[in-house]
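Okay, so the sequence shown: first residue is 6 according to the working numbering, each after it adds one.
The beta carbon of each residue, even a glycine, is placed where N, CA and C say it ideally should be.
What you are looking at is a predicted structure, and each value in this text was computed from that prediction instead of being measured.
Report on one structure; see the data block that follows.
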Amino acid sequence: MKKTALIFGVTGQDGAYLSKLLLKKNYIVHGVKRRSSNLNSYRIDDIYSDPLIKKTKFFLHYGDITDSISVFNIIKKVKPTEIYNLAAQSHVGVSFEIPEYTTNTDALGTLRILEAIIKINKKIKFYQAGSSEMFGKVVETPQTEKTPFYPRSPYGVAKLYSHWITINYREAYKIFATNGILFNHESPLRGETFVTKKVVKALCKIKYKKQKKLFVGNLYSKRDWGHASDYVEAIWKIMQNKKPDDFVICTGKQYTIKQFINMVATELRIKVKWRGNGIKEKAYDNNNNCIIECSKKYFRPAEVDTLKGDYSKAKKILKWKPKHNIKSLIKDMISYELNILKNDK
């Protein structure tokens, strides 16, 4: 029997990569997208065909994770064997500005799906997309599945609720409910407001004189960055494990935002010189033009200074490890942006 997957958050970076992976594995894939006056499905345009025109294994449904009726009706209609919850308000900084919406989406959205599962069919497998932001103000490095959580944002707190409610429903109702604690993962399909995308896009434009300056926040935040295409493979492996469990997915390597900027600049053959300290630290090009500045606008009310994971459990049980390193990730992102600039000429 063919497996049928239902993906909440299908139009996002992870949703797009996961959809393509599952289609390659001969799944029937259904995705849930929010109704919007603007088209927001560019990441999956290459795999979507109108089922009235062409036979397809990929279907889209209008729905919203904040609407329990639509969540219930879609699950009942699709009859999935697996549900992947990737839907979220996923920008940490923005979660301080819209904490109630973030909580409604990122915390209660998970509860709505779990409630639908136990009412419709307890045999449906469930994956919840957790985040390294749940570790927040870390109490140990590296972080593992046993590291205590200390979230530092409404986003992190909401994700932590989802993590624990998934475990609670797994234990209370004996369902196959899993958590992936994913560290930062990037790709050419990353959203425009995330720092890695901003850096790559801006430096590509600066190189070709399409932009003069980039503003960033804390240069010394340390992150464990991986490639989204590797991480969706881990997500799928988590769901194929014999028993439902929770896994940290990461690279085990860490870089500051400043190091990331320098690596992107090196790949683009842009020579940068840094001057100043703290909020006044700036980067200059060969012509002494200031091309990067820090802005308080991009600092969080409560900072997460360092995140670095340990994927030993995933390596041992799932036989998973990342295929990309930071340099191949950066090359992939740069290639995508340069191609856009080339076609815009």
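Item                                                                                                                                                                  : Value
Taking only runs of the beta strand (DSSP E) that begin and end inside the region 98 to 157, which ones reach a length of at least 3 residues, in chain order?        : 130 to 136
Which residues in the same chain as Val221 place their Cβ atom closer than 8 Å to its Cβ, once the five residues preceding and following it in sequence are excluded? : Val200, Lys203, Val204, Ile262, Ile266, Ile297, Glu298, Cys299, Ser300 and Tyr303
Can you tell me whether Asp251 is helix, strand or coil according to DSSP?                                                                                            : strand
Can you tell me which of the three DSSP states Trp230 falls into?                                                                                                     : coil
Leaving out five residues before and five after Gln216 in sequence, what residues of the same chain have Cβ atoms less than 7 Å from its Cβ?                          : Ala207 and Lys210
Are the region 248 to 255 and the region 308 to 316 in contact at 8 Å, needing three or more beta carbon pairs?                                                       : yes
Helix, strand or coil, according to DSSP, for Tyr411 in the structure here?                                                                                           : A question about residue 411 goes unanswered here, because the residues of the chain that appear run from 6 up to 350.
Check whether the Cβ atoms of Gly231 and Phe188 lie closer than 8 Å to each other.                                                                                    : yes
Would you give the residue range spanned by the alpha helix (DSSP H) that Thr171 belongs to?                                                                          : Pro159 to Tyr178
Let me confirm a value: Lys285 is counted as buried when at least 16 other C-beta atoms fall within 10 Å, else exposed. Which label applies?                          : exposed
Please classify Asp310: is it buried, with 16 or more other beta-carbons within 10 angstroms of its beta-carbon, or exposed?                                          : exposed
Mind checking whether Arg40 and Tyr67 have CB atoms under 8 Å apart?                                                                                                  : yes
Go to Val83, then tell me how far its alpha helix (DSSP H) extends in each direction, as first and last residue.                                                      : Ser73 to Val83
I need the DSSP call for Thr311, collapsed to helix, strand or coil.                                                                                                  : strand
The beta strand (DSSP E) with Thr9 in it runs from where to where?                                                                                                    : Thr9 to Phe13
Hey, Asp19 and Ala233 are a contact pair by Cβ (cut 8 Å); roughly how many whole angstroms apart?                                                                     : 6 Å
Determine the burial state of Asn294: buried for a count of at least 16 other Cβ atoms within 10 Å of its Cβ, exposed for fewer.                                      : exposed
Would you call Asn184 buried or exposed, if buried means 16 or more other Cβ atoms sit within 10 Å of its Cβ?                                                         : buried
Suppose you measure from the CA of Asn109 to the CA of Ser100; what does that come to, to the nearest Å?                                                              : 11 Å
Round the Cβ separation of Lys60 and Ile33 to the nearest angstrom and send it over; I've been treating them as touching at under 8 Å.                                : That pair is no contact at about 12 Å.
Flag this pair as touching only if the region 8 to 16 and the region 76 to 95 have three or more C-beta atom pairs under 8 Å; answer yes or no.                       : yes
Are the region 130 to 140 and the region 168 to 178 touching by the rule of at least three beta carbon pairs closer than 8 Å?                                         : yes
How far does the beta strand (DSSP E) with Leu187 in it reach, from first residue to last?                                                                            : Ala182 to Leu187
Hey, out of Phe64, Val277, Ala239 and Thr107, whose CA is closest to Lys218's CA?                                                                                     : Val277
Are there 16 or more other CB atoms within 10 angstroms of the CB of Lys347, so buried, or fewer, so exposed?                                                         : exposed
Going straight from the alpha carbon of Asn90 to that of Ile103, what length do you get?                                                                              : 21 Å
Do the CB positions of Asp229 and Lys328 come within less than 8 Å of each other?                                                                                     : no
Can you give me the start and stop residues for the alpha helix (DSSP H) that Tyr341 sits inside?                                                                     : Ile331 to Asp349
Between the alpha carbons of Gly17 and Gly281, how many angstroms are there, rounded?                                                                                 : 37 Å
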